[in-house]
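Take a look at the structure below.
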Amino acid sequence: MTPALDRVRGTRWTVTPRTGPGIAAAVAYLTLVAIAVAAPGALGAGDPLAANPLDALLPPSAAHWFGTDQLGRDVFDRVVHGARASLAIGVAATAVAVGAGVLLGLLAGLAHRWADEALARSFDALSAFPLLLLALLFIALAGTGTLSLTIAIGIATLPHYARVVRAQTLRVRRAGYVSQAVAFGRSRAGIVVRHVLPNVLGPIPVVAVIGLGEAVLAAAGLSFLGMGPQPPSPEWGAMLAEGRNYLSVAWWSGILPGVAVTLTVISLTVTGRRLQARFEGRDLR
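What follows is the structure, encoded as structure tokens:
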């Protein structure tokens, strides 16, 4: 088994009294989000599209925990069901970014110097653009919709993964076990699959956890601008866009979906930083 993979698989992470309230709260919240994605009904959420105009803009109460929106829909039901749509876009976009980033990073790290320099400069150029601006440029060319939104966020965030994999590949290709494999006449493809790839993928899960939070935030922002799922879809960004017109009379319809986005991004970032510290051999108290 290769060194980087050994280190990742050997990392044990449990929530204990020494873990700290921050990471414990993050894990607890992400557990609730996972339940909301897998089984919204387990959290007591009903039909997110059920409307009753007679109950429009009711404040939070025992009957409607998060109040109701302008159409009389239960905001709690919509926030819980919105986790599935928001996380689905974030996970899919992260998968696109990881897949493309790993491939391009490997190509850059294994290519001749001129090709490596060209790809590295391309990664730097993409990273120089604000994520939302780069995604908007792609959406302007491909059109709006959930698929375009997902691919746009994936393309905008792939340089993070490509740069990490390129750096790891440049380090691994100079390692002694790679030189020995070349000396023994192993094929290039065999060396990449057996020796290079497992050792460059070590940091990727950690980067992906943090990147997932970035993707969820970008998806909410672009959906808020009307580039993603459209009403009446229960998606957090779309709910923010609907609720902004009623903030003066029904703050809960716009603020609470935003709180869900914020807590999700913070929890993923805290969890990712904790994993990063463990991967690097540091201990965060």
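Per the UniProt record's numbering, residue 1 is the first one in the sequence shown, and the count goes up by one each step.
Just so it is clear, CB atoms sit at the ideal spot from N, CA and C, and this is done for glycine as well.
Could you give the C-beta distance for residue i and residue j, rounded to a whole number, given that I count them as a contact under 8 Å?
i      : j      : result
Val207 : Tyr161 : 6 Å
Gly213 : Thr144 : Contact flag wrong, Cβ pair sits at about 23 Å.
Gly72  : Pro59  : Actually they are not in contact, since the Cβ atoms of Gly72 and Pro59 sit about 13 Å apart, beyond 8 Å.
Trp236 : Ala220 : 5 Å
Arg163 : Phe129 : No, Arg163 and Phe129 are not in contact; Cβ-Cβ is about 14 Å, not under 8 Å.
Leu30  : Ala36  : Wrong, their Cβ atoms sit about 10 Å apart, outside the cutoff.
For the alpha helix (DSSP H) containing residue i, name the first residue and the last one.
i           : result
Ser223      : Ile204 to Phe224
Thr116      : Per the sequence shown, the amino acid found at residue 116 is Asp instead of Thr. First-last of the alpha helix (DSSP H) with Asp116: Arg113 to Ala128.
Met239      : Trp236 to Gly243
Asn199      : Leu197 to Val200
Ser86       : Val75 to Leu110
residue 294 : Because the chain in this structure spans residues 1 to 285, residue 294 falls outside the shown range and cannot be described.
Pro159      : Thr146 to Val172
Phe138      : Leu131 to Ala142
Val33       : Pro21 to Ala38
How many Å lie between residue i and residue j at the Cα?
i           : j      : result
Val261      : Ala250 : 19 Å
Ala241      : His64  : 21 Å
Leu134      : Ala156 : 6 Å
Thr150      : Gly90  : 7 Å
Pro48       : Ile153 : 26 Å
Ala142      : Leu136 : 10 Å
Pro17       : Ala28  : Residue placement at Pro17 cannot be trusted, given a pLDDT of 39 that sits under 50; what the coordinates show is reported in the next sentence. The alpha-carbon atoms of Pro17 and Ala28 are separated by roughly 14 Å.
residue 306 : Leu256 : Only positions 1 to 285 of the chain appear in this structure, which leaves residue 306 out of reach.
Pro229      : His112 : 43 Å
Leu32       : Ser127 : 33 Å
Ala120      : Pro21  : 40 Å
Phe224      : Pro231 : 11 Å
Ala83       : Ile266 : 15 Å
Glu280      : Leu222 : 34 Å
Given that a residue counts as buried once 16 or more other Cβ atoms are within 10 Å of its Cβ, and exposed if not, what is residue i?
i      : result
Ser86  : buried
Leu158 : buried
Ser253 : buried
Gly99  : exposed
Val102 : buried
Pro40  : buried
Gly226 : exposed
Gly211 : buried
Pro203 : buried
Pro234 : buried
Leu247 : exposed
Ser61  : exposed
Ala38  : exposed
Ala277 : exposed
Can the beta-carbon of residue i be found closer than 7 Å to that of residue j?
i      : j      : result
Val200 : Val172 : yes
Leu147 : Ala218 : no
His81  : Ala34  : no
Ala95  : Thr271 : no
Asp109 : Leu197 : The sequence as given places Gly at residue 109; Asp does not occur at that position. Contact flag unset, no.
Asp77  : Thr68  : no
Gly105 : Arg166 : yes
Arg244 : Ile23  : no
Gly92  : Gln70  : The amino acid occupying residue 92 in the given sequence is Ala; Gly does not appear at that position. In this structure, Gln70 does not lie closer than 7 Å to Ala92 by Cβ.
Check the Cβ-Cβ distances between residue i and every residue of chain B, and say whether any is below 7 Å.
i     : result
Leu49 : No chain B appears in this structure, which consists of one protein chain only.
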